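Each protein sequence line maps, in turn, to chains P and C. The number in this note's numbering is simply the position in the first sequence, starting from 1, with 1194 added. The number in this note's numbering is simply the position in the second sequence, starting from 1, with 1194 added. In this text, a Cβ means the ideal position worked out from N, Cα and C, and glycines have one as well. Just so we're clear, the structure is a prediction, and the values are computed from it rather than from any experiment. This report concerns only the one structure given below.
2 protein chains.
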Amino acid sequence: MMIDGILREYKLKIDSRLDIIFPITGQPYDTVSEASRYSLLEGGKRIRPILLLEFYKLCGGNDDCAYNFACALEMIHTYSLIHDDLPCMDNDDMRRGKPSCHIAYGESMALLAGDNLLTEAFKICAKTQSIPAERVNKAIAYLASAAGTTGMIGGQVIDTSVKIDNEQLLFTMYSLKTCALIRAAAVCGVILAGGDDKKISLAESYAENLGIAFQIIDDLLDSEGEASIIGKPTGSDSKNDKVTSVTLLGRERALSMASDMTNGAIEILDQFGGDVEVLKELTKLLLKRDR
Amino acid sequence: MMIDGILREYKLKIDSRLDIIFPITGQPYDTVSEASRYSLLEGGKRIRPILLLEFYKLCGGNDDCAYNFACALEMIHTYSLIHDDLPCMDNDDMRRGKPSCHIAYGESMALLAGDNLLTEAFKICAKTQSIPAERVNKAIAYLASAAGTTGMIGGQVIDTSVKIDNEQLLFTMYSLKTCALIRAAAVCGVILAGGDDKKISLAESYAENLGIAFQIIDDLLDSEGEASIIGKPTGSDSKNDKVTSVTLLGRERALSMASDMTNGAIEILDQFGGDVEVLKELTKLLLKRDR
């Protein structure tokens, strides 16, 4: 199986859907659509949308129906990046290989573009047709929960305001900040396809493993990578004196943990009893990525 | 009818619901719940939630079912105030009679509290039970649309980035920035109660009139009010050289327009053919308010 080709095809299809969500219509507020498009389109591997679509198919869905949710995940991910990059947060000037949204459009427009992406994400979820409305509701609630206080935002709060001095707190933060939205991707796929509680629980465990592995690889790349490869200044964690899995565990233990988590994720996939080849390949690929 | 008593009772009930949405649970991310509570509770007239509940009842609903949406409206309104007050936006230090969220909790926490309120708003909407899921989805889509690019955010973009030099553009901005969320309140009430398209359209017209009247009164109060009455520094519009209905139309024409819009709103209510007394009294009260 050519996983690269499959992922490329997915990205093309997702990007073509994302491309029509913020049209430029000659309105006086077009700038916020431009700023939203600037951060949303081109860059990005579309991992969360692909996870959602794959879990949706795995549980019996026809993926065409779930693209609204897939796009919404990418929009929520992108809003979080725009707000994270703002001067009052991480103050990062580069993102996905180009100037951050606030560098390109100014701080107030970047703030509004983030708000805009988050708001419009829930709109397209709610506009999902051809999936029973009860499932759509349940998936919206799950997604919002994963993005909110007890999910991504909670993780961001710990990251920016709490002194992290032990592994437990660090991995709590990772579980919220990084895993929650990945978990929402997998679980919303299951929910929308009508999968049962056992499958929801398996999807949660898979995503938790994948998310931790993903974050550790990010930490490793940040500590050693080339800026031109990962698309943002490297060493930004150490610049900010941030505690990461690398500073807390050391490179070797961190890498071994990422590998264990990846294997754990792959083992969980086998329990679904369907065609999980694409998900397996994707999971392995994320461990080996260089950006 | 004692409208003050009715509104007070509504506010108590709404506030008691809002009070349980962000519990302090001893988590390391509690600060964002505290910051969200700080801006959400106590202050505020709860006009949008009350409008939603009244329209819901007017179209045959039992208001207990619609409190999640009512609270969500107040949360979205509050998020917009927190983000508007940030230094990169209006840079306002006071709100609802106390220091703005970013003064009390710092800029990054205020940013996250706003994101948090917006996200959790959609969560509680989607968790609405005892209203058919199709209606809930339709109302979420309407609400998000009113809060997004073609609504509140679009209006905010015009307000912060476009030079307003004519009445048409000013009232387009008001229609988006102020009316859209008021319109969502009225219309979501109708949608959730299963009201037909004619009622949705009437609710939209009512809210458009009310919203414009409301904004003009705001402009008038800002140009003349006492800081201690309206709870934020007055004259902030003129400080920022902002064009408002008062600077563009003059006080007399602005006041007369607010009065016309209020009367227009009241006439539309009569077309509903139900008990609209509370809505009428509320509408009149907003014209006469001094804060």
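Pull up the DSSP beta-bridge partners for residue i, would you.
{"i": "Met1288 of chain C", "result": "C:Pro1293"}
I believe residue i touches residue j by the beta-carbon criterion, under 8 Å. Please report the beta-carbon distance rounded to the nearest angstrom.
{"i": "Phe1540 of chain C", "j": "Ile1334 of chain P", "result": "As shown, chain C starts at 1195 and ends at 1485. That puts residue 1540 of chain C outside it, with no answer to give."}
{"i": "Leu1481 of chain P", "j": "Ala1407 of chain P", "result": "6 Å"}
{"i": "Asn1310 of chain C", "j": "Ala1320 of chain P", "result": "Going by Cβ atoms, the distance from Asn1310 of chain C to Ala1320 of chain P rounds to 20 Å, so no, they are not a contact pair."}
{"i": "Leu1414 of chain C", "j": "Glu1361 of chain C", "result": "Their Cβ separation, rounded to whole angstroms, is 16 Å, which puts Leu1414 of chain C and Glu1361 of chain C out of contact at 8 Å."}
{"i": "Val1472 of chain C", "j": "Ile1197 of chain C", "result": "7 Å"}
{"i": "Ile1460 of chain P", "j": "Lys1474 of chain P", "result": "6 Å"}
{"i": "Ala1378 of chain P", "j": "Tyr1336 of chain P", "result": "6 Å"}
{"i": "Pro1222 of chain P", "j": "Val1356 of chain C", "result": "5 Å"}
{"i": "Tyr1250 of chain P", "j": "Gly1383 of chain P", "result": "4 Å"}
{"i": "Leu1364 of chain P", "j": "Ser1450 of chain P", "result": "Contact doesn't hold; Cβ gap of about 16 Å is too wide."}
Specify the secondary structure class of residue i as computed by DSSP and reduced to three states.
{"i": "Gln1350 of chain P", "result": "helix"}
{"i": "Glu1420 of chain C", "result": "Because Glu1420 of chain C carries a pLDDT of 48, less than 50, the predicted location of this residue cannot be relied on, and no value is offered for it."}
{"i": "Thr1344 of chain C", "result": "coil"}
{"i": "Thr1322 of chain C", "result": "coil"}
{"i": "Arg1240 of chain P", "result": "coil"}
{"i": "Leu1404 of chain C", "result": "helix"}
{"i": "Gly1199 of chain C", "result": "helix"}
{"i": "Tyr1223 of chain P", "result": "coil"}
{"i": "Thr1366 of chain C", "result": "helix"}
{"i": "Leu1280 of chain C", "result": "coil"}
{"i": "Thr1456 of chain P", "result": "helix"}
{"i": "Asn1256 of chain P", "result": "coil"}
{"i": "Val1470 of chain C", "result": "coil"}
{"i": "Leu1235 of chain P", "result": "coil"}
{"i": "Arg1483 of chain C", "result": "coil"}
{"i": "Lys1436 of chain C", "result": "coil"}
{"i": "Ile1270 of chain P", "result": "helix"}
{"i": "Lys1357 of chain C", "result": "coil"}
{"i": "Ile1411 of chain C", "result": "helix"}
{"i": "Ala1333 of chain P", "result": "helix"}
{"i": "Gly1308 of chain C", "result": "helix"}
{"i": "Ile1376 of chain P", "result": "helix"}
{"i": "Phe1249 of chain P", "result": "helix"}
{"i": "Asp1213 of chain C", "result": "coil"}
{"i": "Ser1391 of chain P", "result": "The amino acid at residue 1391 of chain P is misidentified as Ser; the sequence shows Asp. Helix at Asp1391 of chain P."}
{"i": "Ile1385 of chain P", "result": "helix"}
{"i": "Ile1218 of chain P", "result": "coil"}
{"i": "Thr1477 of chain P", "result": "helix"}
What residue from the options has the CA that sits closest to residue i's CA?
{"i": "Ala1229 of chain C", "options": "C:Thr1354, C:Thr1456, C:Asp1412, C:Ala1298", "result": "C:Ala1298"}
{"i": "Arg1445 of chain P", "options": "P:Ser1274, P:Asp1416, P:Ile1460, P:Asp1435", "result": "P:Asp1416"}
{"i": "Cys1295 of chain P", "options": "P:Arg1377, P:Gly1345, P:Leu1234, P:Asp1464", "result": "P:Leu1234"}
{"i": "Gly1468 of chain P", "options": "P:Gln1221, P:Glu1248, P:Gly1199", "result": "P:Glu1248"}
{"i": "Glu1236 of chain C", "options": "C:Arg1211, C:Tyr1250, C:Asn1262, C:Asp1258", "result": "C:Arg1211"}
{"i": "Glu1301 of chain C", "options": "C:Tyr1261, C:Glu1314, C:Cys1282", "result": "C:Cys1282"}
{"i": "Phe1162 of chain C", "options": "C:Leu1312, C:Val1226, C:Ile1276", "result": "Missing from the structure shown is residue 1162 of chain C; chain C here goes from 1195 to 1485 and no further."}
{"i": "Asp1278 of chain C", "options": "C:Tyr1250, C:Ala1260, C:Met1303, C:Gly1308", "result": "C:Gly1308"}
{"i": "Ile1200 of chain P", "options": "P:Ile1214, P:Ile1244, P:Gly1220", "result": "P:Ile1244"}
{"i": "Asp1224 of chain P", "options": "C:Ile1394, C:Val1351, C:Ile1318", "result": "C:Val1351"}
{"i": "Ala1397 of chain C", "options": "C:Thr1272, C:Met1367, C:Leu1246", "result": "C:Leu1246"}
{"i": "Cys1259 of chain C", "options": "C:Arg1329, C:Gly1220, C:Glu1314", "result": "C:Arg1329"}
{"i": "Asp1213 of chain C", "options": "C:Ser1227, C:Glu1203, C:Arg1202, C:Val1381", "result": "C:Ser1227"}
{"i": "Gly1220 of chain P", "options": "C:Gly1348, C:Ser1439, C:Ala1304, C:Leu1275", "result": "C:Gly1348"}
{"i": "Ile1284 of chain P", "options": "P:Met1346, P:Glu1314, P:Asp1353", "result": "Note that residue 1284 of chain P is Asp in the sequence shown here, rather than Ile. Of P:Met1346, P:Glu1314, P:Asp1353, the residue nearest in Cα terms is P:Asp1353."}
{"i": "Glu1314 of chain C", "options": "P:Met1346, P:Lys1207, P:Ile1318, P:Asp1464", "result": "P:Met1346"}
{"i": "Leu1479 of chain C", "options": "C:Asp1435, C:Gln1465, C:Ser1450, C:Ile1411", "result": "C:Ile1411"}
{"i": "Tyr1204 of chain C", "options": "C:Leu1476, C:Asp1484, C:Arg1483", "result": "C:Leu1476"}
{"i": "Asp1484 of chain P", "options": "P:Glu1418, P:Gln1465, P:Phe1466", "result": "P:Glu1418"}
Compute every distance between the C-beta of residue i and the non-hydrogen atoms of the ligand SAM, then say whether any falls below 8 Å.
{"i": "Arg1483 of chain C", "result": "This structure lacks the ligand SAM; in fact it carries no ligand of any kind."}
Do the stretch 1261-1271 of chain P and the stretch 1236-1250 of chain P meet, that is, are 3 or more Cβ pairs less than 8 Å apart? yes
Is the number of C-beta pairs between the stretch 1388-1396 of chain C and the stretch 1249-1265 of chain C that are closer than 8 Å three or more? yes
Closer than 8 Å is the cut-off here; do at least three beta carbon pairs connect the stretch 1280-1299 of chain C with the stretch 1325-1344 of chain C? no
Report yes or no: do three or more beta-carbon pairs, one from the stretch 1341-1355 of chain P and one from the stretch 1362-1373 of chain C, lie closer than 8 Å? no
I want to know whether the stretch 1445-1459 of chain C touches the stretch 1402-1417 of chain C - three or more CB-CB distances under 8 Å. yes
Proximal residues, the stretch 1252-1281 of chain C versus chain B, C-beta separation under 9 Å: Looking for chain B here will not work: the only protein chains present are P and C.
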